[in-house]
């Protein structure tokens with residue numbers, strides 16, 4: 089006897105509701121505000137990709153809330169160019185906002201920008217391999233920064249004059265990363281790393297899609313990363329399969345965020361249940377190919393939202409960047 093498929097439901101909620109979710113109903117808790125302002129700043133990374141920084145003063149607030157800052161190749165140009173309106177004043181600010189690392193094949197890095205950061209003592213690591221993207225090179229570098237004593241020894245001050253800081257120029261970062269990952273037991277004990285990427289979404293469509301794939305890939309290969317993308321309009325991250333409770337303060341909800349979308353970009357899936365959305369769903373099959381996508385939704389839970397999905401799903405949250413500054 090074939091079991092009947094449970095009925096799909098969609099209900100419209102009032103603009104503000106209280107939700108009560110028992111602890112045993114969710115596996116993951118995500119505080120939306122902490123994605124932008126990590127609770128553990130010592131394990132937080134700001135990644136600057138090769139797109140214009142359009143966050144105005146919010147960018148500096150985000151810079152100050154993260155422990156290390158990494159530019160992926162041409163992202164260093166974008167950081168340099170961010171400080172360019174007032175030549176004298178911006179030169180002071182530029183010198184106070186130096187990245188910890190610049191990494192990539194460096195084909196996009198302008199020579200004058202490279203020289204500026206080299207003269208300031210920034211660690212610039214060239215990786216020529218074309219079998220991985222600058223994003224992957226950056227992620228491997230961050231893993232080494234936090235968890236590899238061998239890497240730290242190689243780039244220590246006494247080795248700073250060595251070519252490429254003593255790192256193999258073709259794929260030395262990947263080699264060190266693969267060596268680190270051989271010890272599976274240690275990897276399981278790694279602390280979570282909050283990785284906030286600026287850019288990556290928008291611009292060339294293929295690069296945006298690649299950025300989305302990284303949400304799914306890191307969930308499988310480097311589970312200790314909590315990756316999110318921040319654009320001038322959206323905060324984008326992956327809601328893992330199973331029950332997830334999203335939390336936020338009431339003021340943050342009212343002032344800083346707008347619409348949201350649950351986007352099945354990893355393939356067809358089922359949203360088992362939501363609580364706290366304007367349009368809550370139950371047993372709702374969703375896919376891009378069917379056109380059934382929960383877009384233009386929004387949070388109506390006063391201080392939280394519950395999402396239970398069969399498979400991990402991308403969530404975008406509209407942000408109001410001018411309001412966010414007050415919450416940083």
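In my numbering, the protein residues as written are 89 to 416.
For each residue, glycine too, the CB sits at the ideal point set by N, CA and C.
| Item | Value |
| --- | --- |
| Report buried or exposed for residue 90, applying the criterion of at least 16 other Cβ atoms within 10 angstroms of its Cβ. | Low confidence applies here, because residue 90 scores a pLDDT of 47, under 50, leaving its location unreliable; read the following figure in that light. Burial call: exposed. |
| Rounded to whole angstroms, what is the Cα-Cα separation between residue 103 and residue 329? | 26 Å |
| Can you name the residues that DSSP bridges to residue 214? | 192 |
| Helix, strand or coil for residue 235? Go by DSSP, reduced to three states. | helix |
| State buried or exposed for residue 260, treating a residue as buried only when at least 16 other CB atoms are found within 10 Å of its CB. | buried |
| Roughly how many angstroms separate the alpha carbons of residue 212 and residue 195, rounded to a whole number? | 13 Å |
| What's the call for residue 407, buried or exposed, on a 16-neighbour Cβ count within 10 Å? | buried |
| Is the Cβ-Cβ distance between residue 411 and residue 344 less than 8 Å? | yes |
| Express the C-alpha separation of residue 416 and residue 117 in angstroms, rounding to a whole number. | 20 Å |
| Determine the burial state of residue 157: buried for a count of at least 16 other Cβ atoms within 10 Å of its Cβ, exposed for fewer. | buried |
| Taking C-beta to C-beta, are residue 191 and residue 170 nearer than 8 Å? | no |
| Does residue 237 pass the burial test, meaning 16 or more other C-beta atoms within 10 Å, or should it be called exposed? | exposed |
| Can you tell which of 149, 203, 152 and 290 has its C-alpha closest to the C-alpha of residue 168? | 203 |
| Would you say residue 163 and residue 143 are within 8 Å of each other, going by their C-beta atoms? | no |
| The alpha helix (DSSP H) that contains residue 303, what's its start and end? | 293–309 |
| Say whether the stretch 363–375 touches the stretch 104–114, bearing in mind that this needs 3 or more beta-carbon pairs closer than 8 Å, one atom from each stretch. | yes |
| Nearer than 7 Å: is that true of the beta carbon of residue 202 relative to any heavy atom of the ligand GDP? | Inclusion of the ligand GDP in the displayed structure is not the case, the ligand content being empty and no account of it being possible. |
| Assess contact between the stretch 115–133 and the stretch 263–272, defined as three or more Cβ pairs (one per stretch) separated by less than 8 Å. Is contact present? | no |
| Please work out which residues of its chain come closer than 6 Å, Cβ to Cβ, to residue 405, disregarding the five sequence neighbours upstream and downstream, and give them in chain order. | 323, 345 and 348 |
| So, with DSSP's three-state summary, where would you put residue 263? | helix |
| Classify residue 287 as buried or exposed, calling it buried when 16 or more other Cβ atoms lie within 10 Å of its own Cβ. | buried |
| Residues in the same chain with beta-carbon distance under 6 Å from residue 313, minus the five sequence neighbours each way, listed in chain order, please. | 281, 283 and 306 |
| What do you reckon, are the CB atoms on residue 389 and residue 113 nearer than 8 Å? | no |
| Measure the C-alpha to C-alpha separation of residue 367 and residue 99 and round it to an integer number of angstroms. | 5 Å |
| Across which residues does DSSP place residue 197 in a beta bridge pair? | BP columns for residue 197 are empty, so no partner. |
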